[in-house]
Amino acid sequence: MSAATALIEDRDIEAIRADFPVLNQKINDYPLTYLDNAATTQKPKSVIDAIAHYYSYDNANVHRGVHALSVRATQQYEAVRNKVQHFINARSARECIFVRGTTEAINLVAQSFVAPRILPGEEILITHMEHHSNIVPWQMVCKKTGARLRVAPISIEGEILLDEFEKMLNENTKFVSISYASNALGTINPVAKMIEMAHAHGALVLLDGAQATAHLPIDVQALDCDFYAFSGHKMYGPTGIGVLWGKEHLLDDMVPYQGGGEMINYVTLEATEYAALPHKFEAGTPNIAGVIGLGAAMDYLWSLDMEAVAAYEAHLLDYATLAVQSVKGFNIIGTAKQKVPVISFVHGKIHAHDIGTILDSAGIAIRSGHHCAMPLMSFFDVAATSRISLSFYNTKEEIDRCIRALHKVKEVFA
Numbered sequence: 001m002s003a004a005t006a007l008i009e010d011r012d013i014e015a016i017r018a019d020f021p022v023l024n025q026k027i028n029d030y031p032l033t034y035l036d037n038a039a040t041t042q043k044p045k046s047v048i049d050a051i052a053h054y055y056s057y058d059n060a061n062v063h064r065g066v067h068a069l070s071v072r073a074t075q076q077y078e079a080v081r082n083k084v085q086h087f088i089n090a091r092s093a094r095e096c097i098f099v100r101g102t103t104e105a106i107n108l109v110a111q112s113f114v115a116p117r118i119l120p121g122e123e124i125l126i127t128h129m130e131h132h133s134n135i136v137p138w139q140m141v142c143k144k145t146g147a148r149l150r151v152a153p154i155s156i157e158g159e160i161l162l163d164e165f166e167k168m169l170n171e172n173t174k175f176v177s178i179s180y181a182s183n184a185l186g187t188i189n190p191v192a193k194m195i196e197m198a199h200a201h202g203a204l205v206l207l208d209g210a211q212a213t214a215h216l217p218i219d220v221q222a223l224d225c226d227f228y229a230f231s232g233h234k235m236y237g238p239t240g241i242g243v244l245w246g247k248e249h250l251l252d253d254m255v256p257y258q259g260g261g262e263m264i265n266y267v268t269l270e271a272t273e274y275a276a277l278p279h280k281f282e283a284g285t286p287n288i289a290g291v292i293g294l295g296a297a298m299d300y301l302w303s304l305d306m307e308a309v310a311a312y313e314a315h316l317l318d319y320a321t322l323a324v325q326s327v328k329g330f331n332i333i334g335t336a337k338q339k340v341p342v343i344s345f346v347h348g349k350i351h352a353h354d355i356g357t358i359l360d361s362a363g364i365a366i367r368s369g370h371h372c373a374m375p376l377m378s379f380f381d382v383a384a385t386s387r388i389s390l391s392f393y394n395t396k397e398e399i400d401r402c403i404r405a406l407h408k409v410k411e412v413f414a
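The opening position of the sequence shown corresponds to residue 1 in UniProt numbering, with each subsequent residue numbered one higher.
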């Protein structure tokens, strides 16, 4: 058992908090209380050090040289691909494509897989709780191809209406793209069942795992999704790096939508032969430092007892939910039974941006806005919400600090 495991089990997280340098500072003369983890997670020192070490000692391009620095950089880069394979239980490292993040991963599938295949009148199915990154790419495909975008409804609690979802599946449904967990509500969708339903109608499924990967064990083979996308910065890694996983035979059938160096086997002025997986989708110089940082983030998560982490985050979510509900005038938006540690709330007379500004004056970082989910905000008839999103490095004391600040918000606007 690692020290980190014991610390989480003992609820003594000070040593873990010490792994995150950014937490050790004051904002407006208050200790930083960082409750915006769904936007981006903070980075442990091991991630920062791994990136610094690469730039300090191994900085070279990958797959492009026989000199020592290039060889070392390439070995580290490809070692992370193997880590990704094991982290999500992919069948092969060849199925793991490095991209800039979830947004690019979804766009890659939309433009390289779905757009060339879908016909006018055929359907793509999403849900009403999707992030814009899982809406706009499909609107673009439909505009280009004449396909139809359909939207599965949700309940007032923010849960997918599974019976309605199943009814919307038909012989024209060719592709389904759904979030594993909602960034705005925290809802964990019953994706295994949804994938099974979609496959029964012959549709392929992409899972947007941006909000799930840091909180839930991911097994793409057990889920049996066809594509899975996630971002490094949502799981304690650097920005600008993410992963598209896809079943190998599907990726083999996809044509690259970016051309350039290192995604080729052979080029003449008349034609090009593309490289094999995974490199045919990684044109140009990649984010090498980002990949190395992603590997360090996975190492850090592996050092923890993730079951204990999940239990602790669930405990914090329950505590924070009751605490927000105790402040008269604030109402929680999205009350699904299964959630990642995200709480969105509104006040009928106080705008979310004003709430966020006053909390910031007390050193508390939350998200205020539409969370890149404007159709979802419209469903709840609100322009914006305030969002608390938690991590295993947060504490009850920080939640208490936030609640005191919410009382101050009410006093200011009384």
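A virtual CB, placed ideally from N, CA and C, is assigned to each residue, including glycine.
Residue i and residue j closer than 9 Å at C-beta
i, j, result
"residue 234", "residue 40", "yes"
"residue 230", "residue 247", "no"
"residue 359", "residue 185", "no"
"residue 244", "residue 78", "no"
"residue 295", "residue 43", "no"
"residue 395", "residue 51", "no"
"residue 137", "residue 178", "no"
"residue 55", "residue 271", "no"
"residue 334", "residue 158", "yes"
"residue 308", "residue 402", "no"
Close beta carbons around residue i, own chain, < 7 Å, minus the five adjacent residues each side
i, result
"residue 273", "264, 265 and 266"
"residue 306", "217"
"residue 36", "365, 366, 367 and 389"
"residue 407", "327"
"residue 63", "74 and 262"
"residue 339", "186, 187, 188 and 317"
"residue 25", "32"
Neighbourhood of residue i by C-beta distance below 8 Å, restricted to the same chain and skipping five residues each side
i, result
"residue 400", "323"
"residue 409", "347, 350, 354, 355, 358 and 359"
"residue 203", "125, 169, 173, 174, 175 and 176"
"residue 300", "19, 44, 46, 47 and 236"
"residue 415", "The displayed coordinates of the chain run from 1 to 414. Any statement about residue 415 would go beyond what the structure contains."
Cα-Cα separation, residue i to residue j
i, j, result
"residue 291", "residue 98", "8 Å"
"residue 256", "residue 279", "10 Å"
"residue 283", "residue 47", "25 Å"
"residue 32", "residue 361", "10 Å"
"residue 277", "residue 286", "15 Å"
"residue 363", "residue 23", "11 Å"
"residue 304", "residue 15", "12 Å"
"residue 378", "residue 250", "35 Å"
"residue 311", "residue 302", "16 Å"
"residue 443", "residue 332", "Here the chain covers residues 1 to 414 and nothing more, so residue 443 does not appear."
"residue 241", "residue 414", "45 Å"
"residue 219", "residue 412", "48 Å"
"residue 342", "residue 91", "31 Å"
"residue 380", "residue 156", "8 Å"
"residue 268", "residue 281", "19 Å"
"residue 17", "residue 149", "44 Å"
"residue 76", "residue 67", "15 Å"
"residue 161", "residue 374", "20 Å"
"residue 152", "residue 193", "15 Å"
"residue 96", "residue 102", "13 Å"
"residue 59", "residue 53", "9 Å"
Limits of the beta strand (DSSP E) - the one that residue i falls within
i, result
"residue 290", "Not the beta strand (DSSP E): residue 290 falls in the alpha helix (DSSP H), residues 288 to 302."
"residue 376", "Premise fails: residue 376 lies in the alpha helix (DSSP H), 374 to 379, not in any beta strand (DSSP E)."
"residue 218", "Careful: residue 218 lies outside any beta strand (DSSP E) and carries neither H nor E."
"residue 265", "264 to 267"
"residue 225", "Premise fails: residue 225 is in no beta strand (DSSP E) and is neither H nor E."
"residue 152", "148 to 152"
"residue 274", "272 to 274"
"residue 424", "Examination of residue 424 is not possible in this model, given that the chain is present from 1 through 414 alone."
"residue 367", "367 to 369"
"residue 163", "Careful: residue 163 lies outside any beta strand (DSSP E), inside the alpha helix (DSSP H) at 162 to 168."
"residue 14", "Unbroken run through residue 14 is the alpha helix (DSSP H), 14 to 17; no beta strand (DSSP E)."
N-terminal and C-terminal residue of the alpha helix (DSSP H) that residue i is part of
i, result
"residue 415", "Outside the displayed range of the chain (1 to 414) lies residue 415, so it cannot be described from this structure."
"residue 318", "306 to 325"
"residue 66", "Looking at the DSSP string, residue 66 is not in any alpha helix (DSSP H), and its letter there is neither H nor E."
"residue 48", "45 to 53"
"residue 359", "352 to 361"
Close beta carbons around residue i, own chain, < 6 Å, minus the five adjacent residues each side
i, result
"residue 372", "131 and 132"
"residue 114", "141 and 175"
"residue 118", "145, 147 and 174"
"residue 109", "206 and 227"
"residue 260", "283 and 284"
"residue 225", "195, 205 and 207"
"residue 221", "89"
"residue 352", "368, 384, 385 and 386"
Residue-level contact to chain C via CB, residue i, 9 Å cutoff
i, result
"residue 309", "Within the model displayed, chain C is absent; a lone protein chain is all it includes."
Proximity test, residue i beta-carbon vs the ligand MN heavy atom, cut-off 8 Å
i, result
"residue 328", "This structure does not include the ligand MN; it has no bound ligands of any sort."
- Decide if the stretch 164 to 171 is in contact with the stretch 121 to 129; the criterion is three or more beta carbon pairs, one per stretch, under 8 Å apart. The count of Cβ pairs closer than 8 Å, one atom from the stretch 164 to 171 and one from the stretch 121 to 129, reaches three, so the stretches are in contact.
- Message: Across the stretch 87 to 102 and the stretch 206 to 225, are there enough close Cβ pairs to call them in contact, namely three or more that are closer than 8 Å?
- Response: The stretch 87 to 102, when compared against the stretch 206 to 225, does touch it at the 8 Å Cβ threshold.
- Task: State whether the stretch 64 to 79 contacts the stretch 191 to 203, with contact taken as three or more CB pairs (one from each stretch) at a distance under 8 Å.
- Result: With contact defined as three or more Cβ pairs closer than 8 Å, the stretch 64 to 79 and the stretch 191 to 203 are not in contact.
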